[in-house]
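> The structure under discussion is supplied below as structure tokens; questions concerning it will follow.
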Amino acid sequence: MGACMALCSLASCASCLCGSAPCLLSGCCPSTYNSTLTRLAFSFFMLLGTLVSIIMIMPGMEAQLEKIPGFCENGASVPGLHGKVNCSIMVGYKSVYRMCFAMACFFFLFSMIMIRVRSSKDPRAAFQNGFWFFKFLILVGITVGAFFIPDGTFNTVWYYFGVVGSFIFIVIQLILLVDFAHTWNQRWVENAENGSRCWYAALLSFTVLNYACAFAAMVLFYVFYTQPDDCTEHKVFISLNFIFCIIVSVVSILPKVQEVQPSSGLLQSSLISLYTMYLTWSAMTNNPNRKCNPSLLQLVSNNPTTSTAPTPTIAPGQVQWWDAQGIVGLVIFLFCTLYASIRSSNNSQVNKLMQTEESQGLAADVETASDEDGVRRAVDNEEDGVTYSYSFFHFCLILASLYIMMTLTNWYQPNSDYQAMQSTMPAVWVKVSSSWLALALYLWTLVAPLILPDRDFS
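Reading the sequence shown from the start, the letters are residues -16 to -1, 1 to 442 in mature numbering (1 follows the signal peptide of the UniProt record, and there is no 0).
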């Protein structure tokens, strides 16, 4: 009897995975939109690939694989059984490159297939919102094939793809953060106007906290990432970004800006300032000059490396992504991925830029989407038109895959023999320039209605 029940449960689960998004909801989950559930499911694929990358990059993983008899070429063997797997490419930065390459190919495939899908009535929409079991098999197949890619030119070429894609994704992160800050500010102000004025105090508290953290970060940067006779680049980066943060904060509260954009305020500027300080810190941690880039262990032990120390070179199985800036980068990535999956912005300009639509007000449909037996359903809110661009959403996930790859490998570049990783200045300039572009983009959102008064920026 138990075996029969297990088989029935497995069959039911398989039918759900092969079906559409509504099957993915259980009785304990609230009803929701079909479009939201689909984005969450694809984001789960992304997070699953990230988890696999984290596991394979952990130190000692190659030694554990070599203990499996007959698995690795140079590992433990048994009589009559010889390993044929090159375990060196299954661990370290090489495994991250191949895992993220597989995810990028997977999302690129869907990005091409879903071009110009207008509504859920399009036959391709069924493949977007369903057949999850087969999608998972496709992802696994591409991943297995990616690990057969030989070493050599692939590592270097894919590194530059990662740099460019990560640069674009950082800008998208800023757009999502600005949209989140605007939504956050609007909702709390509405709550304060309709009820307790404690919401104003909460807004003020978070604004002050963000600015305090940004200022404290700036001071710590000067203390630990600069030297009186060295680190000129760091001094310039820190000073310029601090000045730019002051400028955008002042502009955000100018009377003329407030007149055309009442929702603009210091909360958004404080969040952007804190994000800019993170990008500055992330850039400085890639400086090959160890005197200007001490590790956390050196800071704790108060034993800075001399300026004559060589550029750090990391062996394939020793890439340590779990330094502080890597962890912060992953947290920001997870937040932005989740927010991009469930967001429903009221900002028309952000919706145009991110190729999404404003919420259609189907809350009543969601509340009544339960059957009499209590089974939860996903409401198909895309019969008249999609609420987001399928193709662009997958393009963003391609960029996210590249960003994860660069974050887990600390933006280190494979050296000339493709056997190790080393820190380089191009990664520093990519991150710093992305922080400047982010500030410029946010400044443009503030002054655009003044420069172009004939356009609708509501």
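Backbone N, C-alpha and C define an ideal beta-carbon position, used for all residues, glycine too.
Is Y426 helix, strand or coil by DSSP?
Along the sequence shown, read from residue 1 onward, the residue named residue 426 stands at position 442. Correct three-state label for Y426: helix.
> Check this for me: beta carbons of Y323 and L160, under 8 Å apart or not?
On the sequence shown, position 339 is the one that residue 323 refers to. On the sequence shown, position 176 is the one that residue 160 refers to. Cβ distance < 8 Å, so Y323 and L160 count as in contact.
> For A176, collect the residues of the same chain with a Cβ closer than 8 Å to its Cβ; drop the 5 residues on either side in sequence, then sort them by chain order.
The residue given as residue 176 occupies position 192 in the sequence shown. Same-chain partners within the cutoff: C182, W183, Y184 and L187.
> Please go through the same chain and pick out, in chain order, the residues whose beta-carbon is closer than 6 Å to the beta-carbon of M87, but skip the five residues on each side of it.
As a first step, residue 87 must be located in the sequence shown, where it is residue number 103. Correct list, in chain order: G33 and S385.
> Which runs of the alpha helix (DSSP H), 4 residues or longer, sit entirely within the region 134 to 207?
The qualifying runs are 137 to 178.
> Tell me the residue span of the alpha helix (DSSP H) that contains V80.
Working through the sequence shown from its first residue, we reach residue 80 at position 96. Run containing V80: G76 to I97, per the alpha helix (DSSP H) assignment.
> If you drop the 5 nearest sequence neighbours on each side, which residues of the same chain put their C-beta closer than 7 Å to that of K240?
Here the question's residue 240 lines up with position 256 in the sequence shown. Cβ neighbours of K240 beyond the five flanking positions: L434.
> So is K78 buried or exposed if we call it buried at 16+ other beta carbons inside 10 Å?
Position 94 of the sequence shown, counted from the first residue, corresponds to residue 78. Flag for K78 reads buried.
> To which residues of the same chain is L250 closer than 7 Å at the C-beta, ignoring the five residues directly before and after it?
Counted from its first residue, the sequence shown places residue 250 at position 266. Closer than 7 Å at Cβ, skipping near neighbours: T191, S233, S236 and I237.
> Our contact map puts Y396 next to G149 with C-beta atoms below 8 Å; I'd like the distance itself, whole angstroms only.
The residue labelled residue 396 in the question sits at position 412 within the sequence shown. The residue labelled residue 149 in the question sits at position 165 within the sequence shown. Rounded, the Cβ-Cβ distance is 16 Å, inconsistent with contact.
> Measure the C-alpha to C-alpha separation of A422 and S103 and round it to an integer number of angstroms.
Stepping through the sequence shown from its first residue, residue 422 is reached at position 438. Stepping through the sequence shown from its first residue, residue 103 is reached at position 119. In a straight line, the C-alpha of A422 is about 33 Å away from that of S103.
> Per DSSP, V312 forms a beta bridge with which residues?
Here the question's residue 312 lines up with position 328 in the sequence shown. Beta-bridge pairing links V312 to no other residue.
> What residues are listed by DSSP as bridge partners for D438?
Position 454 of the sequence shown, counting from 1, holds the residue named residue 438. Bridge partners of D438: none, in fact.
> Go ahead and pull the three-state DSSP assignment for P398.
On the sequence shown, residue 398 is found 414 positions in, with the first residue counted as 1. In this structure, P398 counts as strand in the three-state DSSP scheme.
> Using 10 angstroms around the beta-carbon of G146, count the other beta-carbons present and answer buried if the total reaches 16, otherwise exposed.
The count along the sequence shown starts at 1 and reaches residue 146 at position 162. Label assigned to G146: buried.
> Measuring only the C-alpha atoms, how far is N394 from I97?
Within the sequence shown, residue 394 is the residue found at index 410, counting from 1. Within the sequence shown, residue 97 is the residue found at index 113, counting from 1. Rounded to the nearest angstrom, the two C-alpha atoms are 33 Å apart.
> Helix, strand or coil for Q211 per DSSP?
By one-based count along the sequence shown, residue 211 stands at place 227. Residue state, collapsed to three classes: strand.
> Among Y262, I326 and N139, which has the Cα closest to the Cα of L314?
Taking the first residue of the sequence shown as position 1, residue 314 is located at position 330. The residue with the shortest Cα to Cα distance from L314 is Y262.
> Where does G114 fall in DSSP's three states?
Taking the sequence shown and counting its residues from 1, the one referred to as residue 114 is at position 130. Here G114 sits in strand by DSSP.
> Is it right to say I231 is buried, meaning 16 or more other beta carbons lie within 10 angstroms of its own, or is it exposed?
One-based indexing of the sequence shown puts residue 231 at position 247. With fewer than 16 Cβ atoms within 10 Å of its Cβ, I231 is classed as exposed.
> Would you say S419 and N277 are within 8 Å of each other, going by their C-beta atoms?
Indexing the sequence shown from 1 puts residue 419 at position 435. Indexing the sequence shown from 1 puts residue 277 at position 293. Not a contact, by the Cβ cut-off of 8 Å.
> Using a Cβ-Cβ cut-off of 8 Å (strictly less than) and excluding sequence neighbours within five positions of F228, which residues of its own chain qualify?
Within the sequence shown, residue 228 is the residue found at index 244, counting from 1. These residues qualify, in order along the chain: T260, W420 and L423.
> Over what stretch of residues does the alpha helix (DSSP H) that includes L224 continue unbroken?
As a first step, residue 224 must be located in the sequence shown, where it is residue number 240. T216 to S236 is the span of the alpha helix (DSSP H), which, as asked, contains L224.
> Only counting the same chain, and skipping five residues up and downstream in sequence, which positions put a Cβ closer than 7 Å to that of Y195?
Here residue 195 is taken as the residue at index 211 of the sequence shown, counted from 1. The residues are S254 and S257.
> Hey, would you say F85 sits closer than 8 Å to W142, going by beta carbons?
Along the sequence shown, read from residue 1 onward, the residue named residue 85 stands at position 101. Along the sequence shown, read from residue 1 onward, the residue named residue 142 stands at position 158. It is a contact, given that the beta carbons lie within the stated cut-off.
> Span of the alpha helix (DSSP H) holding T22?
As a position in the sequence shown, residue 22 is number 38, starting the count at 1. Run containing T22: N18 to M40, per the alpha helix (DSSP H) assignment.
> Could you have a look at V244 and say whether DSSP puts it in helix, strand or coil?
For this step, residue 244 is matched to residue 260 along the sequence shown. Note: V244 maps to helix in three-state DSSP.
> Can you tell me where the alpha helix (DSSP H) with T269 in it begins and where it stops?
Sequence index remark: in the sequence shown, residue 269 carries index 285 (1-based). Unbroken run through T269: none, as it is neither H nor E.
> Does D438 pass the burial test, meaning 16 or more other C-beta atoms within 10 Å, or should it be called exposed?
As a first step, residue 438 is located in the sequence shown; it is residue number 454 there, counting from the start. Exposed, because fewer than 16 other Cβ atoms sit within 10 Å of the Cβ of D438.
> How big is the Cα-Cα spacing for R108 and F26?
Taking the sequence shown and counting its residues from 1, one reaches residue 108 at position 124. Taking the sequence shown and counting its residues from 1, one reaches residue 26 at position 42. Looking at the two C-alpha atoms, the distance is approximately 16 Å.
> So, is N270 buried or exposed, given that buried needs 16 or more other C-beta atoms within 10 angstroms?
As a position in the sequence shown, residue 270 is number 286, starting the count at 1. N270 comes out buried.
> Helix, strand or coil: which one does DSSP assign to V128?
As a working note, residue 128 is residue 144 in the sequence shown. Helix.
> Buried or exposed: where does V101 fall if 16 or more other Cβ atoms within 10 Å of its Cβ makes it buried?
By 1-based counting over the sequence shown, the position of residue 101 is 117. Its Cβ being crowded by 16 or more others within 10 Å, V101 is buried.
> Please work out which residues of its chain come closer than 7 Å, Cβ to Cβ, to S248, disregarding the five sequence neighbours upstream and downstream, and give them in chain order.
What you label residue 248 is simply residue 264 of the sequence shown in a count that begins at 1. Counting only Cβ-Cβ distances below 7 Å, and skipping sequence neighbours, we find S236, V241, Q242 and L430.
> For F221, collect the residues of the same chain with a Cβ closer than 8 Å to its Cβ; drop the 5 residues on either side in sequence, then sort them by chain order.
For the purposes of this step, residue 221 is taken as the residue at position 237 of the sequence shown. These residues qualify, in order along the chain: T264, A267, M268 and V416.
> Does L383 pass the burial test, meaning 16 or more other C-beta atoms within 10 Å, or should it be called exposed?
Position 399 of the sequence shown, counted from the start, is the residue given in the question as residue 383. So L383 ends up on the buried side.
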